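Only one structure is covered here, and it is reproduced in the block below.
Structure, rendered in structure tokens:
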């Protein structure tokens with residue numbers, strides 16, 4: 001795992017520069033004891049090597065430790081710095097190499113997580129050793145003990161902050177994983193519901209898949225973030241699921257030929273779709289968008305006769321995506337139009353059936369994409385169980401979700 005701030009190195013380094021390697025070995029002994037004998041042996045050997053390296057570096061620059069020669073000279077300061085660099089430098093080599101060999105982490109991961117992250121604590125340990133030496137010379141051994149205790153408490157506090165940050169990051173990661181699992185679960189439910197609806201007319205599932213792609217693309221071009229665009233896409237996939245409760249003698253009849261009772265049944269499906277989405281976790285807003293995807297700018301839509309911008313942007317996106325998809329796909333009551341003809345119809349409905357700003361965004365997308373995009377005829381328009389059109393209107397079995 002990542003290196004953490006540890007207090008153990010501070011008293012060992014202080015003992016080394018104040019009393020020499022023998023004192024350092026005595027102070028280090030408790031740090032080498034673990035329940036696992038193998039780990040105890042390894043840790044003990046590593047500490048001995050670190051102390052010897054630090055002692056050698058110190059002795060080359062300062063002949064005697066401070067207890068032997070109680071004068072804080074420049075040679076002592078330089079020697080203490082060298083001892084700290086040797087002591088912690090060897091630790092920065094031994095532990096990362098072992099972790100890399102044992103766990104197979106990359107060199108970059110080991111350096112970042114174990115070497116770089118330990119630099120602040122190592123620097124603080126060396127500074128503390130110098131401060132303890134100065135305190136002992138100026139005020140006696142008790143002052144050095146106070147310095148060490150204060151350093152220890154500060155390192156413990158810093159370590160606690162690091163651990164709390166790790167826990168917070170772990171919780172964020174777990175939360176994202178739960179959101180991803182929830183999204184996958186909602187997509188699976190959507191696929192099953194829309195697939196069942198598509199069995200009735202051979203059209204609804206294909207229309208839902210195409211609408212979902214167009215809606216998500218429009219949402220992104222409208223400036224919505226990726227999370228919001230995903231919600232819009234799922235809402236588009238499920239916006240007509242309320243048709244499951246509409247009788248066949250209404251569903252399969254052209255809308256203009258419905259009597260008042262049939263029209264009433266048809267106009268109930270957005271509210272029914274809203275109820276379905278409201279029952280899925282994490283989709284309360286999407287449920288409202290679905291309720292209003294048949295509202296019109298001129299106020300003649302349903303179920304609430306909202307006018308203009310009273311319908312939220314996401315609902316207006318669903319309306320445009322649904323209309324265009326219905327134009328380029330073979331439906332139970334109307335053949336597919338060529339993309340150029342569908343564009344003309346879409347333009348003609350601006351301000352009446354669809355919002356102008358949203359419709360213009362889709363038109364720009366159609367200008368930049370290839371012909372298969374305009375005809376909803378490639379795998380971008382597929383979802384589990386059903387794909388878009390291979391010759392417009394045909395249903396093709398799939399097992400993947402390319403746009404998920």
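Residue numbers (my numbering): 1 to 404. All C-beta atoms in this analysis are idealised placements derived from N, C-alpha and C, irrespective of residue type, glycine included. Being a predicted model, the structure only gives us computed values, none of them experimental.
Leaving out five residues before and five after residue i in sequence, what residues of the same chain have Cβ atoms less than 7 Å from its Cβ?
i           : result
residue 44  : 32
residue 301 : 294 and 295
residue 61  : 75, 78, 79 and 82
residue 214 : 321, 324, 325 and 362
residue 309 : none
residue 251 : 200, 201 and 243
residue 258 : 250 and 266
residue 248 : 200
residue 225 : none
Going by the DSSP bridge assignment, what does residue i pair with across the sheet?
i           : result
residue 320 : Answer is none; residue 320 lacks a bridge partner.
residue 354 : 350
I'd like to check one pair, residue j with residue i: are the Cβ atoms closer than 7 Å?
i           : j           : result
residue 277 : residue 238 : yes
residue 320 : residue 358 : yes
residue 53  : residue 90  : yes
residue 336 : residue 345 : no
residue 87  : residue 50  : yes
residue 312 : residue 267 : no
residue 13  : residue 125 : yes
residue 15  : residue 24  : yes
residue 342 : residue 210 : no
residue 92  : residue 17  : no
residue 243 : residue 265 : no
residue 323 : residue 289 : no
residue 287 : residue 274 : yes
residue 272 : residue 292 : no
residue 297 : residue 351 : yes
Using a Cβ-Cβ cutoff of less than 6 Å, which residues in the same chain neighbour residue i once the five nearest sequence positions on both sides are dropped?
i           : result
residue 208 : 194 and 237
residue 20  : 65
residue 229 : 216, 219 and 220
residue 378 : 372
residue 85  : none
residue 374 : 339 and 366
residue 203 : 331 and 332
residue 212 : 233, 236 and 237
residue 316 : 355 and 358
residue 34  : 40
residue 231 : 286
residue 307 : 299
residue 254 : 333
residue 283 : 277
For residue i, verify whether its CB is less than 6 Å away from any heavy atom of the ligand HEM.
i           : result
residue 318 : The ligand HEM is absent from the structure shown, which contains no ligand whatsoever.
Under 8 Å Cβ to Cβ from residue i, same chain only, skipping five residues before and after it: list those, please.
i           : result
residue 134 : 72
residue 364 : 221
residue 9   : 87, 88, 91, 121, 122 and 125
residue 112 : none
residue 164 : none
Using a Cβ-Cβ distance under 7 Å, would residue i count as near chain C?
i           : result
residue 277 : Considering every chain present, this structure includes no chain C. It has just one protein chain.
Ranges of the alpha helix (DSSP H) found wholly within the segment 184-259, counting only runs of at least 4
Entirely contained in the segment 184-259, the alpha helix (DSSP H) runs reaching 4 residues are, in chain order, 204-221, 226-238 and 248-251.
Can you give, in chain order, each stretch of the alpha helix (DSSP H) that sits fully within the segment 281-312 and has at least 4 residues?
284-291, all fully within the segment 281-312.
As an exercise, report each continuous alpha helix (DSSP H) stretch of at least 4 residues that is fully enclosed by the segment 61-103, in chain order.
If one requires a minimum length of 4 residues, the alpha helix (DSSP H) runs lying completely within the segment 61-103 are 74-103, in chain order.
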